[in-house]
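Following the UniProt record's numbering, the numbering of the sequence shown begins with 1 at its first residue and continues without gaps.
Below is one structure, written out as structure tokens, with a few remarks after it.
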Amino acid sequence: MAHTTISAVFAIPRLLRDTARNFPSHSASLRLRYSALCYCTINGIMKSKRKTDHLERTANNFRQEVISPAKVCGITNESETVKRLRLAVTNKDFTFKAGQWVDFFIPEVAIVGGFSICSSPGLLEQEGVLELAVKHTVHPPAHWVHTKCTLDSEVALRVGGNFFFDPQPNDSPVNLVLIAGGVGINPLFSILLHVADFHRNQESEGNGYKMGTVKLYYSAKTTNELLFKNNIFGLMNEFPGKITCSFHVTQQSSQICEDLQPYITEGRISEKDLEKHVSKDTLWYICGPPPMIESISRLIEKFGVPIDCIYFEKWW
């Protein structure tokens, strides 16, 4: 058995090789470890031409060393096609920055998933949990979430990603413009929640990072596909003028309900919308389909925004 394990470890790609030892030794975690090893062994050094492979797409991204077991402790339907998972994380060394994603290891699924975290780092610190919002697709990890995942299902997580907002207490205040397309809202919602935590700390304790304003532009096909609507409305009401949002729908065929009408624009996010936010103290975060990111980032650069003030995450 020892020889078999050594052979499997040598087959692990570089991005996982240094962390295989971090799986705990109890039986459930061993199954998770075995699943990860089998995936890497079967796929060799991952020269597959499949464009949907999360590990290939993110091979050059930062990854933490810690891989932690986690247990599903909540499942809700965020929309007709998106499930929101709450996961209890057992490893105290597991941390993340607002905007990052996780490698998602499932014992009975050979392919490793990649899902952006949609909760704040503060929730993990306070309650030991994080949340993911997963859209239904035929991709095996997402399909498992929608068809087989139950309360108490055990998985394993590893944090990665170069797309995040993590200011330090003495950093200068900045304003943020967050631009989301479809399920690209996930990492930006995490950032929005993180910003809300900064505002709360300022109001209650008067210390920590002093946050500027945040404007969220969020585009989806229909109002039914605008995730976290009620949460976002709650943040806007809690921090008027500090957190604002403009919702856009591009393929709405039914009547928009009266409560939503003041917040909804039919049509894409426009040049006029974005140009008014240009300033030397503003950072821009974009997440959505690659064509949307490419067109919006080019537009922002045309406004004269420095490249080092524009951050984006492409989710396929």
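Glycine is no exception: its CB is placed at the ideal position from the N, C-alpha and C atoms.
Put residue i into one of helix, strand or coil per three-state DSSP.
{"i": "A133", "result": "strand"}
{"i": "G122", "result": "helix"}
{"i": "A110", "result": "strand"}
{"i": "V183", "result": "helix"}
{"i": "S172", "result": "coil"}
{"i": "V66", "result": "coil"}
{"i": "S190", "result": "helix"}
{"i": "G234", "result": "helix"}
{"i": "E80", "result": "coil"}
{"i": "residue 369", "result": "Since the first residue of the chain shown is 1 and the last is 316, residue 369 is not available in this structure."}
{"i": "N91", "result": "coil"}
To the nearest angstrom, how far is it from the Cα of residue i to the Cα of residue j?
{"i": "E294", "j": "I310", "result": "11 angstroms"}
{"i": "D273", "j": "Q255", "result": "24 angstroms"}
{"i": "Y209", "j": "S120", "result": "16 angstroms"}
{"i": "T76", "j": "N231", "result": "14 angstroms"}
{"i": "C257", "j": "F62", "result": "42 angstroms"}
{"i": "T265", "j": "V214", "result": "19 angstroms"}
{"i": "N175", "j": "M211", "result": "7 angstroms"}
{"i": "N162", "j": "Q100", "result": "7 angstroms"}
{"i": "Y263", "j": "P107", "result": "42 angstroms"}
{"i": "W284", "j": "G241", "result": "18 angstroms"}
{"i": "F96", "j": "V159", "result": "6 angstroms"}
{"i": "T282", "j": "V249", "result": "25 angstroms"}
{"i": "P306", "j": "Q252", "result": "35 angstroms"}
{"i": "G74", "j": "C118", "result": "14 angstroms"}
{"i": "F198", "j": "P167", "result": "10 angstroms"}
{"i": "E125", "j": "A133", "result": "19 angstroms"}
{"i": "H194", "j": "N201", "result": "11 angstroms"}
{"i": "I286", "j": "I191", "result": "11 angstroms"}
{"i": "R298", "j": "K314", "result": "15 angstroms"}
{"i": "F105", "j": "H136", "result": "17 angstroms"}
{"i": "T19", "j": "E80", "result": "Any reading at T19 is ruled out, since the residue's pLDDT is 38, under 50, leaving its predicted position unreliable."}
{"i": "N207", "j": "M236", "result": "22 angstroms"}
What span of residues does the beta strand (DSSP E) with residue i cover, start to end?
{"i": "F165", "result": "Per DSSP, F165 belongs to no beta strand (DSSP E) and is neither H nor E."}
{"i": "S219", "result": "V214 to A220"}
{"i": "A156", "result": "E154 to G160"}
Hey, could you find the ends of the alpha helix (DSSP H) residue i is sitting in?
{"i": "N224", "result": "Element bounds for N224: n/a, residue is neither H nor E."}
{"i": "T147", "result": "P140 to T147"}
{"i": "L55", "result": "H54 to R57"}
Looking at chain C, is there any beta carbon in it that lies within less than 9 angstroms of the beta carbon of residue i?
{"i": "T150", "result": "In the structure shown, chain C does not exist; there is a single protein chain."}
Tell me residue i's beta-bridge partners as DSSP assigns them.
{"i": "G74", "result": "R86"}
{"i": "T244", "result": "K215"}
{"i": "F104", "result": "G113 and L157"}
{"i": "V177", "result": "K215 and W284"}
{"i": "V249", "result": "A220 and E266"}
With a floor of 3 residues, list each beta strand (DSSP E) that falls wholly inside the segment 253–316, ordered by position along the chain. 264–266, 282–288 and 310–314
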